[in-house]
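Below is one structure, written out as structure tokens; comments come after it.
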Amino acid sequence: MTSSKRILSGVQPSGDLHLGNYLGAIKNFVSLQKEYECFFCVVDLHAITVWQDPEQLADKSRDVIASFIASGIDPKQNVLFLQSQVPQHTQLAWIFSCVARMGWLNRMTQFKDKAGKDKENVSVGLFSYPTLMAADILIYLATHVPVGEDQKQHLELTRDIAQKFNNDFKTDLFPIPEPLIFGEATRVMSLRDGTKKMSKSDLSDYSRIMLCDTNDEIIQKIKKAKTDPHPLPSNLQDLNKRPEALNLFSIFASLNNLSTEEVVQNYAGKEFSIFKNDLGELIVEKIGPIREEIKKLLADKAYLDNVLKDGKEKATIVADSVLKDVYDIIGFAKP
Ligand code: AMP
Ligand code: TRP
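One point on numbering: in numbering that gives the first Met the number 0, the residue at position 311 of the sequence shown is 310, and numbering is uninterrupted.
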């Protein structure tokens, strides 16, 4: 019943995309599209687990779609769509919230990080978020899920849900999806603090490179990126003890499709400033053209809306048929 190699992944429209989203996820989507049947969605329902301005939400979703296409994802070969336009995701999410156990969700570290001390006051959706993510994946019977390192635990939960559903209902409907976490920058860190993840919600603009940053902004942000006073390391062991240097080296390696070790060899013993100059130029060379393409695409709203309409139709065909099977398996009365 399951297609042999199908991908689903999602990105939230909760802020402008940054280099972490690009290197941890989107760049990998681009390389996987040849080999897999791919569904890429903008997870706008996940975004509203925290407050989103209604005036901006639709535009932000279009920004993500434009970033996908500008990065090299072909909208004709792949299904690009908005999560909120395929209601079967939420229908399956409810069912999964009856399959997943409280104890499983209580272990989710992303919830603990996001809720912080305000646990009583955050939305119920922020807590049950991973059951919707499991539904996003399994409503397409996806077998593989490319994500950054931070999503690994949510993927494990998705696997647990698929397994429990299959066991409880004695079916093999759902595949047990595999995470695809690869590349040299699976967890890009803040430019201000090498121990914190680069994120859309960091208060400091200088903590991240945005896909829409100008060339000058990119160069400035890399110049100001936190470093340490030592010359550059000559082996991986030394690099691993220096979080800021490790982060910048991983970014360099990933953008150039090199291993981090090769970058260490090229810069061993040199000054940080030389490396930072080269890194700034490299980011400009790789991200600059994507930024320009995003601008062009955003100027053509009708084109983007057409991509989304097409994506919604294709996604709905699969999602509807899988949901019907699920309803049947659970034993709901037929309409
Ligand atoms: P989000 O912006 O949280 O919707 O994330 C979209 C995708 O980008 C997911 O696959 C994340 O794992 C990935 N991602 C987000 N932040 C980072 C980061 N700092 N480093 C690597 N991947 C990331
Ligand atoms: N939770 C993911 C994130 O914050 C986004 C996401 C939602 C997702 N649904 C998904 C990723 C399904 C992969 C597959 O990054």
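Quick reminder that beta carbons are idealized off the backbone N, C-alpha and C, glycines included. Since the structure is predicted, the reported quantities are computational estimates derived from the model, not experimental observations.
(request) Sort Pro-145, Val-49, Val-42 by Cα distance to Gln-11 and report the nearest one. (result) For the purposes of this step, residue 11 is identified with residue 12 of the sequence shown, where counting begins at 1. Here the closest residue by C-alpha is Val-42.
(request) Examine ligand 2 and report whether any of its heavy atoms sits within less than 7 Å of the Cβ of Val-78. (result) In the sequence shown, the residue the question calls residue 78 occupies position 79. False, no ligand heavy atom lies under 7 Å from that Cβ.
(message) Can you tell me which residues fall inside 6 Å of ligand 2, judged by beta-carbon distance to its nearest heavy atom, and keep chain order?
(response) Leu-7, Ser-8, Gly-9, Gln-11, Val-42, His-45, Met-132, Asp-135, Ile-136, Val-144, Val-146, Gln-150, His-153
(request) To the nearest angstrom, report how far apart Leu-16 and Met-209 are at their CA atoms. (result) Within the sequence shown, residue 16 is the residue found at index 17, counting from 1. Within the sequence shown, residue 209 is the residue found at index 210, counting from 1. Distance between the alpha carbons of Leu-16 and Met-209 is about 6 Å.
(message) Would Leu-44 and Thr-89 be called neighbours here (beta carbons separated by less than 8 Å)?
(response) Here residue 44 is taken as the residue at index 45 of the sequence shown, counted from 1. Here residue 89 is taken as the residue at index 90 of the sequence shown, counted from 1. The answer is yes: Cβ separation under 8 Å.
(message) Could you compute how far the alpha carbon of Gly-19 sits from the alpha carbon of Ala-184?
(response) Start at 1 with the first residue of the sequence shown, and residue 19 comes out as number 20. Start at 1 with the first residue of the sequence shown, and residue 184 comes out as number 185. Cα-Cα distance, rounded: 8 Å.
(request) Mind checking who Cys-40 pairs with in its DSSP beta bridge? (result) For the purposes of this step, residue 40 is taken as the residue at position 41 of the sequence shown. Per DSSP, Gly-9, Phe-80.
(message) ligand 1 and Glu-148: does the residue's C-beta get closer than 7 Å to at least one heavy atom of that ligand?
(response) Here the question's residue 148 lines up with position 149 in the sequence shown. At least one heavy atom of ligand 1 is nearer than 7 Å to the Cβ of Glu-148, so yes.
(request) Using 7 Å as the cut-off, classify the Cβ of Ala-24 as near or not near the heavy atoms of ligand 1, replying yes or no. (result) Here residue 24 is taken as the residue at index 25 of the sequence shown, counted from 1. It does: the Cβ of Ala-24 is within 7 Å (strictly closer) of some heavy atom of ligand 1.
(request) Would you check whether ligand 1 has a heavy atom nearer than 7 Å to the C-beta of Gly-225? (result) Locating residue 225 in the sequence shown gives position 226, where the first residue counts as 1. According to the sequence displayed, residue 225 carries Lys and not Gly. No, the Cβ of Lys-225 stays beyond 7 Å of every heavy atom of ligand 1.
(request) Assign Lys-220 to one of two classes, buried (16 or more other C-beta atoms within 10 Å of its C-beta) or exposed (fewer than that). (result) Working through the sequence shown from its first residue, we reach residue 220 at position 221. Lys-220 is buried by the Cβ-count criterion.
(request) With a threshold of 7 Å, establish whether the CB of Lys-111 neighbours any heavy atom of ligand 1. (result) Start at 1 with the first residue of the sequence shown, and residue 111 comes out as number 112. No.
(message) Between which residues of its own chain and Lys-285 is the CB-CB distance below 7 Å, once the five residues before and five after are set aside?
(response) In the sequence shown, counting from the first residue as 1, residue 285 sits at position 286. Excluding sequence neighbours, Lys-285 sits near Leu-254.
(request) May I ask which residues mark the beginning and end of the beta strand (DSSP E) holding Glu-177? (result) If you number the sequence shown from 1, residue 177 lands on position 178. Here the beta strand (DSSP E) through Glu-177 covers 177-179.
(request) Kindly identify the DSSP beta-bridge partner or partners of Lys-196. (result) Locating residue 196 in the sequence shown gives position 197, where the first residue counts as 1. In the DSSP output, where bridge partners are listed per residue, Lys-196 has Met-188.
(request) Kindly examine ligand 1 and report whether one of its heavy atoms sits closer than 7 Å to the Cβ of Ser-198. (result) Locating residue 198 in the sequence shown gives position 199, counting from the first residue. Checking every heavy atom of ligand 1 against the Cβ of Ser-198, one is found closer than 7 Å.
(message) Restricting to Cα atoms, I'd like to know which of Ser-8, Asp-327, Lys-4 is closest to Lys-151.
(response) Start at 1 with the first residue of the sequence shown, and residue 151 comes out as number 152. When each option's Cα is compared against that of Lys-151, the closest is Ser-8.
(message) Taking a contact to mean a Cβ-Cβ separation below 8 Å, would you say Asn-27 touches Leu-179 in this structure?
(response) In the sequence shown, the residue the question calls residue 27 occupies position 28. In the sequence shown, the residue the question calls residue 179 occupies position 180. In this structure, Leu-179 lies closer than 8 Å to Asn-27 by Cβ.
(request) Taking 8 Å as the cut-off, decide whether the C-beta atoms of Leu-140 and Arg-5 are in contact. (result) Locating residue 140 in the sequence shown gives position 141, where the first residue counts as 1. Locating residue 5 in the sequence shown gives position 6, where the first residue counts as 1. In this structure, Arg-5 lies closer than 8 Å to Leu-140 by Cβ.
(message) For Leu-79, tell me which candidate among Asp-227, Asn-305, Lys-225 has the shortest Cα-Cα distance.
(response) As a position in the sequence shown, residue 79 is number 80, starting the count at 1. The option with the nearest alpha carbon to Leu-79 is Asn-305.
(message) Just to confirm before moving on: does the CB-CB distance between Ala-267 and Leu-235 stay below 8 Å?
(response) Within the sequence shown, residue 267 is the residue found at index 268, counting from 1. Within the sequence shown, residue 235 is the residue found at index 236, counting from 1. A distance of 8 Å or more separates the beta carbons of Ala-267 and Leu-235.
(request) Report the three-state DSSP secondary structure of Arg-74 (helix, strand or coil). (result) Residue numbering aside, residue 74 sits at position 75 when the sequence shown is read from its first letter. The question names Arg, yet the displayed sequence has Pro at residue 74. If DSSP states are grouped into helix, strand and coil, Pro-74 belongs with coil.
(request) Keeping to the same chain, check which residues put their C-beta closer than 7 Å to that of Ala-134; ignore five residues upstream and five downstream. (result) If you number the sequence shown from 1, residue 134 lands on position 135. Here the set comprises His-88, Leu-91, Ala-92, Phe-95.
(request) Reducing DSSP to helix, strand and coil, say where His-45 ends up. (result) As a working note, residue 45 is residue 46 in the sequence shown. Looking at His-45 - three-state DSSP - the assignment turns out to be helix.
(request) Please determine, among Glu-148, Pro-288, Phe-168, the residue with the shortest C-alpha to C-alpha distance to Phe-181. (result) One-based indexing of the sequence shown puts residue 181 at position 182. For the residues Glu-148, Pro-288, Phe-168, the minimum Cα distance to Phe-181 belongs to Glu-148.
(request) For Arg-191, I'd like the list of residues in its chain whose CB is within less than 7 Å of its CB, leaving aside the five on either flank, ordered along the chain. (result) In the sequence shown, the residue the question calls residue 191 occupies position 192. For Arg-191, where only same-chain residues beyond five positions count, the Cβ hits under 7 Å are Ser-203, Tyr-205, Ser-206, Lys-225.
(message) Using CA atoms only, rank isn't needed, just tell me which of Pro-334, Glu-261, Arg-61, Gly-71 is closest to Gln-82.
(response) As a position in the sequence shown, residue 82 is number 83, starting the count at 1. Ranked by Cα distance from Gln-82, the options Pro-334, Glu-261, Arg-61, Gly-71 are led by Arg-61.
(message) Quick check on the burial criterion: 16 or more other C-beta atoms within 10 angstroms. Buried or exposed for Phe-271?
(response) Within the sequence shown, numbered from 1, the residue matching residue 271 stands at position 272. Its Cβ being crowded by 16 or more others within 10 Å, Phe-271 is buried.
(message) Does His-229 come out as helix, strand or coil in the three-state DSSP assignment?
(response) As a position in the sequence shown, residue 229 is number 230, starting the count at 1. When DSSP states are grouped into helix, strand and coil, His-229 belongs to the coil group.
(message) Given 7 Å as the limit, tell me if Ile-157 has its C-beta closer than that to any heavy atom belonging to ligand 1.
(response) Here the question's residue 157 lines up with position 158 in the sequence shown. With the sequence shown as reference, residue 157 is identified as Thr, and Ile is not the correct amino acid for it. The answer is no for Thr-157.
(request) Quickly, what does DSSP pair Met-209 with across the bridge? List them, please. (result) Counting from 1 along the sequence shown, the entry for residue 209 is found at position 210. Met-209 pairs with His-17.
(message) Can you tell me whether Val-98 is helix, strand or coil according to DSSP?
(response) As a working note, residue 98 is residue 99 in the sequence shown. Shown here, Val-98 sits in a helix according to DSSP, grouped into three states.
(request) With a threshold of 16 other CB atoms inside 10 Å of the CB of Ile-160, please say whether the residue is buried or exposed. (result) As a working note, residue 160 is residue 161 in the sequence shown. The residue in question, Ile-160, is buried, as its Cβ has 16 or more Cβ neighbours within 10 Å.
(request) May I ask you to report which of helix, strand or coil DSSP gives Val-144? (result) Along the sequence shown, read from residue 1 onward, the residue named residue 144 stands at position 145. Strand at Val-144.
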